[in-house]
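Start counting at 1 in the sequence shown, then tack on 2, and there's your number in the numbering used here. Think of the CB as a built atom: it goes at the ideal place given N, C-alpha and C, for glycine as much as any other residue.
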Amino acid sequence: MQSALDLPLPAPIPLAWIELAGGGIAGLGLALAVSCFILFARQRTTIMPSGHPSRLVLDGPYRFTRNPMYLALVLSYVGLCLQLGLLWAVALLPLPWLALQLYVIPFEEARLRSEFGRHYSAYCARVRRWL
Numbered sequence: 003m004q005s006a007l008d009l010p011l012p013a014p015i016p017l018a019w020i021e022l023a024g025g026g027i028a029g030l031g032l033a034l035a036v037s038c039f040i041l042f043a044r045q046r047t048t049i050m051p052s053g054h055p056s057r058l059v060l061d062g063p064y065r066f067t068r069n070p071m072y073l074a075l076v077l078s079y080v081g082l083c084l085q086l087g088l089l090w091a092v093a094l095l096p097l098p099w100l101a102l103q104l105y106v107i108p109f110e111e112a113r114l115r116s117e118f119g120r121h122y123s124a125y126c127a128r129v130r131r132w133l
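Structural data, given as structure tokens:
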């Protein structure tokens, strides 16, 4: 046991590297969000959860996740927290994620299921909610 205690601790990651990684993660989140906005504009359907969608968007990032906009939001939040050195704020992420998971997404999915029926159910069977 004593020999394990004598081992040196790994060097901490320099804050500049954490900030740089945060910028990359936030940029990825922004790019994902923009790509979703463009898809909805091209499909001429609403991006608003309370609106009435005219069609189901199934291409682009929607081929891999049913909620790329929320994924973009999470990535942007984590990235900005890291970039700004607010490491403690990353610990708060489970709270809004839980609200999305338990309330927002089920509401939207029920609405889409009533609007698009079996087409949306088939999509849900093919594509995971997150990743």
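A distance below 6 Å between beta-carbons, with the five flanking residues on each side excluded, links glutamate 110 to the following residues of its chain, in chain order: Pro51. Your pair glycine 81 and glycine 24 checks out as a contact, with CB atoms roughly 5 Å apart and the cut at 8 Å. Taking 7 Å as the cut-off, the Cβ atoms of valine 92 and cysteine 83 count as close.
If you compare the alpha carbons of Trp99, Val59, Ala18 and Tyr64 with that of alanine 43, the shortest gap goes to Val59.
A Cβ-Cβ distance of about 41 Å is found for the pair phenylalanine 66 and leucine 9, leaving them out of contact under the 8 Å criterion.
With fewer than 16 other Cβ atoms inside 10 Å of its own Cβ, tyrosine 105 counts as exposed.
By the neighbour-count criterion, in which 16 or more other beta carbons inside 10 Å mark a residue as buried, glycine 87 falls on the exposed side.
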